[in-house]
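Residue numbers for the sequence shown follow my numbering, so the first one is -2 and each next one is one higher. C-beta: ideal position from N, C-alpha, C; glycine also. This report refers to the structure that appears directly beneath it.
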Amino acid sequence: MFLAAAVVVAPPCFPTVRSGENRPRQRQTKKAKTTRTRNGGGAPLGFGVERKEPPWQCAQGCGACCKLDKGPSFPTPEEIFQDPSDIQLYRSLIGPDGWCTHFDKTSWTCSIYSDRPYFCRVEPEIFQTLYGIDKKRFNKEACSCCRDAIKSAYGPESEELENFNNVIRSEL
């Protein structure tokens, strides 16, 4: 009798994802009740106040997620997908320059956007299926994933990263 084990891998943007039982335990403390105020556009939050994560939103004209050959610091398709046809499809989309063959670099758009593969969609259900990230953590992880992809494709001081941060902050 064999038991099937669920395999959870990190999204293409994260080096690792640690499950709750593998995280170091922190001492339980009471949270201070502090009100959040904005002082001149962003005063620091007090102790015990959790920062509200911005909702993930695509920053049009970026395309960093279309850079499919991301390099050794990102998981390979074999580490992400269990279905060999997904691996084959993903690999077939990688052009000689590492960018998706459907990414138009002149218009910065996807030529098959409405018919793109499921793994090209940034949606809570996809993150749950591929990476084991629940809906509660989706916005935080999706934003982090995009930042990592943008830094990898364009650099940490790029206009694309600044634009992405401005787009998601506008939703707060």
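Anyone know if the C-beta pair for residue i and residue j falls short of 9 Å?
i	j	result
D83	P114	yes
D101	S108	yes
C62	E157	no
W96	Q57	no
By a C-beta neighbour count over all protein chains shown, 10 Å radius and 16 as the cutoff for buried, is residue i buried or exposed?
i	result
E170	No statement about residue 170 is possible, as the shown extent of the chain runs from -2 to 169 and does not include it.
D145	buried
P72	buried
F124	buried
N36	For N36, the predicted model reports a pLDDT of 40, less than 50, meaning its position is unreliable; a value from the coordinates is still stated below. It is exposed - the Cβ of N36 has fewer than 16 other Cβ atoms within 10 Å.
K30	With a pLDDT of only 41 at K30, under the threshold of 50, the placement of this residue in the model should not be trusted, and no figure is reported.
With residue i and residue j assumed to form a contact (beta carbons below 8 Å), what rounded beta-carbon distance in angstroms separates them?
i	j	result
L65	L90	6 Å
F171	L127	Look at the range of the chain in this structure, -2 to 169, and you will see that residue 171 is not part of it.
R88	P69	R88 to P69, Cβ: 16 Å. No contact.
S149	K67	6 Å
Which residues does DSSP pair with residue i in a beta bridge?
i	result
I91	C97
K64	W96
C107	F100
For chain D, check one thing: does any of its Cβ atoms lie closer than 9 Å to the Cβ of residue i?
i	result
K102	Given the protein chain composition of this structure (a single chain), no chain D is represented.
Three Cβ pairs or more, each shorter than 8 Å: is that satisfied between the segment 147 to 165 and the segment 74 to 81? no
At a cut of 8 Å, does the segment 136 to 143 reach the segment 50 to 58 through at least three beta carbon pairs? yes
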